[in-house]
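Visitor: My structure is below; once you've seen it, I'll send some questions.
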Amino acid sequence: MSDRPSFRDEIVNLLHSAHGNPLTHCLQCGTCAGTCPVAPFMDQTPRRIIAMINRGLKDQVLACNTYWYCASCYQCTVRCPSDIDIAQVMYALKRYSLWKGQHKEGLIGPAFAETFVKTILRLGRSYEPVLATSYLFSFGIQAFLDEAQTATSLMLKGRIPVLPPRIKRLENLRRVVNRIIPMGGET
Ligand code: SF4
Ligand code: SF4
């Protein structure tokens, strides 16, 4: 018998600090799917994602946009009759997807999340002009020009710093982040 954890075990391990019951407690009642405001845009509903994890369908789960479309509204979590923290499952799948470098093509979420973490590691703070590069070119030239105009106005009003801010004692933060996020460390 293999010592390697199954896909479900890996997701459960990523959920170890979350509240809620194990995924095996899912009744497949569909409350999460029925209550999710973005379910119509998902490749698979939250209910089906739980079932797919329980069946070990790793590649099929990672090929879905479901967890990247999750708006973290927690409606599913508070309504689940089995007390499963489904919103945290979605977060766990995002972390797992970045960790494995495996996700559906053409999504903004993975590049945005990766750019965000790298910016935090580099500066200690978020910096909007760098974050914007992860999605700015995805919506066409008009959207790019609109965003650039908004950013320029915000910079002129001092709402976005022209130069990236940098926190003190950045090394301490990097050490903490590198211990909890398996993204290959600072870039
Ligand atoms: S609401 Fe809870 S029990 Fe019902 S399908 Fe969703 S995860 Fe399973
Ligand atoms: S937390 Fe995510 S999966 Fe749950 S209802 Fe909200 S958008 Fe849907």
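In my numbering, the protein residues as written are 1 to 187.
Cβ coordinates follow ideal geometry from the N, Cα and C atoms, glycine included.
1) Across the region 92 to 99 and the region 8 to 23, are there enough close Cβ pairs to call them in contact, namely three or more that are closer than 8 Å?
2) In this structure, does DSSP put Q88 in helix, strand or coil?
3) Determine the extent of the alpha helix (DSSP H) in which A51 is found, giving its start and end residues.
4) Can you give me the C-alpha to C-alpha distance between M52 and L131, rounded to a whole angstrom?
5) Under a Cβ-count criterion, where at least 16 other Cβ atoms within 10 Å of its own Cβ denotes burial, should L163 be classed as buried or exposed?
6) The alpha helix (DSSP H) that contains A111, what's its start and end?
7) Just to confirm my understanding: we take R125, look at its own chain, exclude 5 residues before and 5 after, and list those with CB closer than 7 Å. What are they?
8) Alpha helix (DSSP H) containing V12: first to last residue?
9) Could you tell me the alpha carbon to alpha carbon distance between K157 and I120, rounded to whole angstroms?
10) Give a single yes or no on whether C36 has its beta carbon closer than 6 Å to a heavy atom of ligand 1.
11) Less than 6 Å between the CB of S194 and some heavy atom of ligand 1, yes or no?
12) Going along the chain, which residues of its own chain have a beta-carbon closer than 6 Å to the beta-carbon of G185, five neighbours each way excluded?
13) Start and end of the alpha helix (DSSP H) containing D59?
14) Measure the alpha-carbon distance for S50 versus Q149 and round it to whole angstroms.
15) Report back the beta-carbon spacing between V89 and L15 to the nearest angstrom; my notes put them in contact at under 8 Å.
16) Are Q44 and C76 close, meaning C-beta to C-beta below 7 Å?
17) Which residue's Cα is closest to the Cα of R47: S134, F41, V38 and A33?
Guide: On the basis of the supplied data:
1) yes
2) The count along the sequence shown starts at 1 and reaches residue 88 at position 88. In this structure, Q88 counts as helix in the three-state DSSP scheme.
3) Counting from 1 along the sequence shown, the entry for residue 51 is found at position 51. Unbroken alpha helix (DSSP H) run through A51: P46 to N54.
4) Within the sequence shown, numbered from 1, the residue matching residue 52 stands at position 52. Within the sequence shown, numbered from 1, the residue matching residue 131 stands at position 131. Computed Cα separation, rounded: 32 Å.
5) What you label residue 163 is simply residue 163 of the sequence shown in a count that begins at 1. Exposed is the call here.
6) Mapped onto the sequence shown, residue 111 falls at position 111. Where A111 is concerned, the enclosing alpha helix (DSSP H) stretches over G109 to L123.
7) Working through the sequence shown from its first residue, we reach residue 125 at position 125. So the list reads P165 and I167, once near-sequence residues are dropped.
8) Numbered from its first residue, the sequence shown carries residue 12 at position 12. Counting along the chain, the alpha helix (DSSP H) containing V12 begins and ends at F7 to L14.
9) In the sequence shown, residue 157 corresponds to position 157, counting from 1. In the sequence shown, residue 120 corresponds to position 120, counting from 1. When rounded, the distance between both Cα atoms is 24 Å.
10) For this step, residue 36 is matched to residue 36 along the sequence shown. False, no ligand heavy atom lies under 6 Å from that Cβ.
11) The requested residue 194 does not occur in the structure, where the chain is confined to residues 1 to 187.
12) Here residue 185 refers to the residue found at position 185 of the sequence shown. Residue placement at G185 cannot be trusted, given a pLDDT of 42 that sits under 50; what the coordinates show is reported in the next sentence. Answer for G185: N178, listed in chain order.
13) The residue you call residue 59 lines up with position 59 of the sequence shown. Segment K58 to L62, the alpha helix (DSSP H) holding D59.
14) Residue numbering aside, residue 50 sits at position 50 when the sequence shown is read from its first letter. Residue numbering aside, residue 149 sits at position 149 when the sequence shown is read from its first letter. At residue 50 the sequence reads Ile, which differs from the Ser that was named. The straight-line gap from Cα to Cα measures roughly 42 Å.
15) Residue mapping note: residue 89 aligns to position 89 of the sequence shown, counting from 1. Residue mapping note: residue 15 aligns to position 15 of the sequence shown, counting from 1. Right, their Cβ atoms sit about 7 Å apart.
16) Here residue 44 refers to the residue found at position 44 of the sequence shown. Here residue 76 refers to the residue found at position 76 of the sequence shown. In this structure, C76 does not lie closer than 7 Å to Q44 by Cβ.
17) Within the sequence shown, numbered from 1, the residue matching residue 47 stands at position 47. The option with the nearest alpha carbon to R47 is A33.
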